[in-house]
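Undergrad: One structure coming up, written as structure tokens, with questions to follow.
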Amino acid sequence: SQLPGWSVRPDGSIVIATGNDDALGLYRCTPYNSYGTAGESRPTRVLLKDPPAFTVRPKEEYFQEVGRELVIPCVAHGDPPPTITWLKVGSVGKSSTQVDGNSSLILHPLIKEQHGVWECTATNQVASVTTATSVHVLGTSPHAVTNVSVLPLLLAANISWEPGFDGGYFQRFSVWYTPLARYPPRAHHDWVSLSVPAGAQHLLVENLQPDTSYQFSVLAQNKLGSGPFSQIVTSVPRGFPVTTVPPEPPAMTVRVFLSPPRALTANETMRGVLLRWEPPTHASVALSGYALELRQDKGGWEVLERSIPGTDTQVLVPGLIKDAFYEFRLVAFAGSYISDPSNTVNVSTAGMEVYPSRTQLPELLPQPVLAGVIGGICFLSVAVIFSTMAACIMNRRRAARVRKRHQDPPLVFSP
1 SQLPGWSVRP DGSIVIATGN DDALGLYRCT PYNSYGTAGE SRPTRVLLKD PPAFTVRPKE
61 EYFQEVGREL VIPCVAHGDP PPTITWLKVG SVGKSSTQVD GNSSLILHPL IKEQHGVWEC
121 TATNQVASVT TATSVHVLGT SPHAVTNVSV LPLLLAANIS WEPGFDGGYF QRFSVWYTPL
181 ARYPPRAHHD WVSLSVPAGA QHLLVENLQP DTSYQFSVLA QNKLGSGPFS QIVTSVPRGF
241 PVTTVPPEPP AMTVRVFLSP PRALTANETM RGVLLRWEPP THASVALSGY ALELRQDKGG
301 WEVLERSIPG TDTQVLVPGL IKDAFYEFRL VAFAGSYISD PSNTVNVSTA GMEVYPSRTQ
361 LPELLPQPVL AGVIGGICFL SVAVIFSTMA ACIMNRRRAA RVRKRHQDPP LVFSP
């Protein structure tokens, strides 16, 4: 007899809408037609299993200082017992995670890159269930802004964005832009930056030139340094003759014309660190050069060298600090176009005797300090020259008096 919620499909399959104790047991199928049947099928047994269910869920959010330990629990039961896995949302490939015997996620030491949404998934033969939590890493530089949008206006553009996580400190923003000239009359890396009022998430950039495309990017900063630049958005003021781009969406994102340098590697030598790379694969105009950026011990990115020739594929970086950790990356320039950064290479000088412990890169010295050092050297040099000249003049005068004393006859007085 057919029970409520049970049905038979035209192909002979049986459908049980709700699995319960009524569905348990052995089942056989008997096909037949007008000539009869060839017999029953082999029996099949229906068993009831429990899908995974969470008994301990992680909290919605966790806040922890960078470098410390964070343990996030996640427990589930089922029949058969489920397997627990953790995954960071948005990570490329499999993220290396550490899980203890209770299926809790262990992040130790906690780093900036582990900020974001993590998912705990419980899986058995019946089903898979997932729960999520947000991890906020405090005490870091800001994360990159997202969803950068450019609204073209008459000789102006309105830039808006969504802030990234501030690293636990108040953050400010600046908008960077540069024109894309049809010919390269300007030096590369000639970007203009505009400060954004505190608390604002948009900025009106005025006095733009007609018939010119512009590149825009947004940078976030807090007390610990600068975060990465946002993606580059290319747009033009309203009135620029555009025939192939539809009028919507308002923010016109155009493909960047220059791909980044490739396969950046670092080799340690007796004279310093030798960086090698391969040129970009795509460039709409001739390659002008490269700019080398570095940061020390997870600090802010600094421009180390702005004028590496476009024909070079290697550069030597001398004078690194001993027992320090460095990261290097390259950007390429072709005319007024700037590429995204290349891959990042890491260099550690821990325990190396070839790097003086007190040596700093000249490019990293602040300009006022460098000017003071040069001025002091010049003052000491002038003082030494004047002292030498004065000594020479005094010696000549003393020698002249001695010669005159020997040449003059002595005076004789008679009593």
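Once you know that position 122 of the sequence shown is 122 in UniProt numbering, the rest is easy, because the numbers rise by one and skip nothing.
We treat Cβ as the ideally placed atom computed from N, Cα and C, and that holds for glycine.
1) Could you name the residues of the same chain whose beta carbon sits closer than 6 Å to that of residue 230, not counting the 5 residues immediately before and after it, in chain order?
2) Residues in its own chain within less than 6 Å of residue 419 by CB, not counting five upstream and five downstream?
3) In the DSSP output, which residue or residues are listed as bridge partners for residue 332?
4) Under the three-state reduction of DSSP, which class applies to residue 223: helix, strand or coil?
5) Spell out a yes or no on whether the stretch 146-165 and the stretch 301-312 are touching, meaning 3 or more CB-CB pairs, one atom from each, closer than 8 Å.
6) Since residue 133 and residue 60 should fall inside the 8 Å C-beta cutoff, what is the C-beta to C-beta distance between them, to a whole number of angstroms?
7) Looking at C-alpha atoms only, which residue of 106, 47 and 91 is the closest neighbour of residue 74?
8) Determine the extent of the beta strand (DSSP E) in which residue 86 is found, giving its start and end residues.
9) With burial defined as no fewer than 16 other Cβ atoms inside 10 Å of the residue's Cβ, what is the status of residue 49: buried or exposed?
10) Apart from the five residues just before and just after residue 317, which ones in its own chain have a Cβ nearer than 6 Å to its Cβ?
11) Applying the criterion that 16 or more other CB atoms from any shown protein chain within 10 Å of the CB defines a buried residue, is residue 109 buried or exposed?
12) Please check the pair residue 325 and residue 297, which I expect to be a contact at CB under 8 Å, by giving their CB distance rounded to whole angstroms.
13) Report back the beta-carbon spacing between residue 280 and residue 294 to the nearest angstrom; my notes put them in contact at under 8 Å.
14) Quick one: is residue 236 buried, meaning 16 or more other Cβ sit within 10 Å of its Cβ, or exposed?
15) Give me, in chain order, the residues of the same chain whose beta-carbon lies closer than 6 Å to that of residue 224; leave out the 5 immediate sequence neighbours on both sides.
16) Using alpha carbons as the reference points, say which of 195, 165, 204 and 201 lies closest to residue 227.
17) Quickly, what does DSSP pair residue 137 with across the bridge? List them, please.
18) Enumerate in chain order the residues of its own chain whose CB-to-CB distance from residue 198 is below 6 Å, with the five nearest sequence positions on each side excluded.
19) Go ahead and pull the three-state DSSP assignment for residue 307.
20) Relative to the alpha-carbon of residue 80, which residue among 376, 126 and 57 has its alpha-carbon at the smallest distance?
21) Expressed to the nearest angstrom, what Euclidean distance is found between the alpha-carbon atoms of residue 308 and residue 331?
22) What is the rounded straight-line gap between the Cα of residue 372 and the Cα of residue 321?
23) Can you name the start and end residues of the beta strand (DSSP E) that residue 111 belongs to?
24) Under the DSSP definition of a beta bridge, which residues are partnered with residue 77?
25) Between residue 336 and residue 178, which are expected to be in contact by the criterion C-beta below 8 Å, what is the C-beta distance as a whole number of angstroms?
26) So the candidates are 33, 102, 262 and 38; which of them puts its Cα closest to the Cα of residue 57?
TA: For this structure:
1) 144, 145, 148, 217 and 218
2) Given a span of 1 to 415 for the chain in the structure shown, any question on residue 419 remains unanswerable.
3) 290
4) coil
5) no
6) 6 Å
7) 106
8) 83-88
9) exposed
10) 272 and 273
11) exposed
12) 5 Å
13) Actually they do not touch by this definition, with Cβ atoms about 20 Å apart.
14) buried
15) 141
16) 165
17) 64
18) none
19) strand
20) 126
21) 10 Å
22) 22 Å
23) No beta strand (DSSP E) contains residue 111, which DSSP labels as neither H nor E.
24) 53
25) 6 Å
26) 102
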